[in-house]
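Working notes, beginning with the structure itself.
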DNA sequence: TTGGATGCAAAAGTTTTGCACGGTT
DNA sequence: AACCGTGCAAAACTTTTGCATCCAA
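Chains as they are written, first to last, in my numbering: chain A, 1 to 152; chain B, 1001 to 1152.
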């Protein structure tokens, strides 16, 4: 997605188009997986755009408010991650070794939702499914090893 | 589950049996749903047992290490919640109106895990599935509500 | 008795907020 | 020009840690 398209999408959603918002969306779109606010902050600095971490948070909140971005909590980490909202329903496969997150677009849950609606009389509007395991590298190299922080 | 059984379970897992650990497990078992560290802290004080919040965190970490407790992140909150690990695989149905959490024991995911293992070469060790919706009461009290996005 | 558990206070990490200034429309 | 976005610093909030003391085994 090009800068100009991003500027247009911001305006279409009633938001001012600033270099910081464009940069945040560029990074989320390029990564195509959930990223922490701090990593977005670092990535923007690497692009030679100066920005403050609180601006990152404020913009992520504003973008989430407009539905352009989704905030997620994934188990095993105390901080939130954010992703560009493609309006595509997705699930995540999280490596317990290196914490890498892989997005999966196939969803097996729809009929299960209907079944639960029938059983409970709830109205179900959504769900969250994450898978946990070990990626090929961690499976081979470090069985049982779990570093605390890693960038990706 | 009685205090004595809890003390025994702690010892079976190689942990010293202290009043604080017993109290934490009592609360998690009684609640039968995920609870934050701070709420556990308050509940223990209500039981007239004095305790420090850092002790709650340290014990939750130790209990999770032994597999007696599970740490979860549910979306929309910046803090972790903890539940007693019954060794029964469960999912949760969370009411977006009153925030009530209902546990569901039937799981439709096993064959999906195998499929993803084949596709990605990961070793999958578990998953987390939460459903979000409105319970019968909230559904009735907010008849105007329409879900924003259909799922997929 | 001894090693692990605890209280307390302080630190570390994440996210939010107040206010003055700057940029987009 | 008006209003919203931003930087900076400080606050708020969650979780972890160092150390002296206490307690279960």
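All residues carry an ideal CB built from backbone N, CA and C; glycine is no exception. Treat the numbers as computed from the prediction; the structure is a model and nothing was measured.
Cross-chain neighbours of residue i in chain A, by beta carbon under 7 Å
i, result
"residue 1123(B)", "133, 134, 139"
"residue 1066(B)", "Residues of chain A passing the Cβ test: none, with the nearest at roughly 15 Å."
Supposed contact pair residue j and residue i - C-beta distance, whole angstroms, cut 8 Å
i, j, result
"residue 25(A)", "residue 6(A)", "5 Å"
"residue 134(A)", "residue 76(A)", "Not a contact, Cβ separation roughly 13 Å."
"residue 1034(B)", "residue 1081(B)", "4 Å"
"residue 1162(B)", "residue 1056(B)", "Here chain B comprises residues numbered 1001 to 1152, so residue 1162(B) is not present and cannot be evaluated."
"residue 1130(B)", "residue 1074(B)", "7 Å"
"residue 1123(B)", "residue 86(A)", "In fact, because the Cβ distance is near 28 Å, the residues do not count as touching under 8 Å."
Within chain B, the residues that residue i reaches when beta carbons sit closer than 9 Å
i, result
"residue 128(A)", "1074, 1075, 1128, 1129, 1130, 1131, 1132"
Residue-level contact to chain B via CB, residue i, 7 Å cutoff
i, result
"residue 92(A)", "no"
"residue 108(A)", "yes"
"residue 148(A)", "Interpretation of residue 148(A) is limited by its pLDDT of 30, a score under 50 that renders its predicted location unreliable; the figure taken from the coordinates is listed afterwards. Chain B contact via Cβ: absent."
"residue 143(A)", "At residue 143(A) the pLDDT is 48, less than 50, meaning the model places this residue with poor confidence and gives no usable figure here."
Residue-chain proximity (residue i, chain A), Cβ-Cβ < 7 Å
i, result
"residue 1084(B)", "no"
Beta-bridge pairing of residue i - partner residues as DSSP gives them
i, result
"residue 36(A)", "81(A)"
"residue 103(A)", "92(A)"
"residue 1114(B)", "Note: residue 1114(B) sits in no beta bridge, so no partner."
"residue 1072(B)", "1081(B)"
"residue 1123(B)", "134(A)"
"residue 128(A)", "1130(B)"
Within chain A, partners of residue i - CB distance below 9 Å
i, result
"residue 1113(B)", "131, 133"
"residue 1071(B)", "75, 76"
Listed by chain order, chain B residues near residue i by CB distance under 7 Å
i, result
"residue 104(A)", "1116"
"residue 55(A)", "Simply none; closest approach about 19 Å."
Partner residues on chain B for residue i, Cβ-Cβ distance less than 8 Å
i, result
"residue 80(A)", "1078"
"residue 96(A)", "1125"
"residue 18(A)", "Near residue 18(A) there are no residues of chain B at all, since even the closest Cβ is about 26 Å away, more than 8 Å."
Closest residue to residue i among the options (Cα-Cα distance)
i, options, result
"residue 1089(B)", "1036(B), 1125(B), 1138(B)", "1125(B)"
"residue 1038(B)", "1051(B), 1030(B), 1032(B), 1029(B)", "1051(B)"
"residue 62(A)", "10(A), 4(A), 122(A)", "10(A)"
"residue 30(A)", "94(A), 3(A), 127(A)", "3(A)"
"residue 1120(B)", "123(A), 106(A), 67(A), 117(A)", "106(A)"
"residue 1118(B)", "16(A), 136(A), 67(A)", "136(A)"
"residue 66(A)", "127(A), 109(A), 13(A), 139(A)", "13(A)"
"residue 1093(B)", "47(A), 102(A), 115(A)", "115(A)"
"residue 1058(B)", "1048(B), 1109(B), 1018(B)", "1018(B)"
"residue 1103(B)", "1083(B), 1071(B), 1064(B)", "1083(B)"
"residue 112(A)", "1091(B), 1016(B), 1101(B)", "1091(B)"
"residue 71(A)", "110(A), 8(A), 128(A)", "128(A)"
"residue 64(A)", "15(A), 110(A), 48(A)", "15(A)"
"residue 100(A)", "79(A), 109(A), 78(A), 132(A)", "132(A)"
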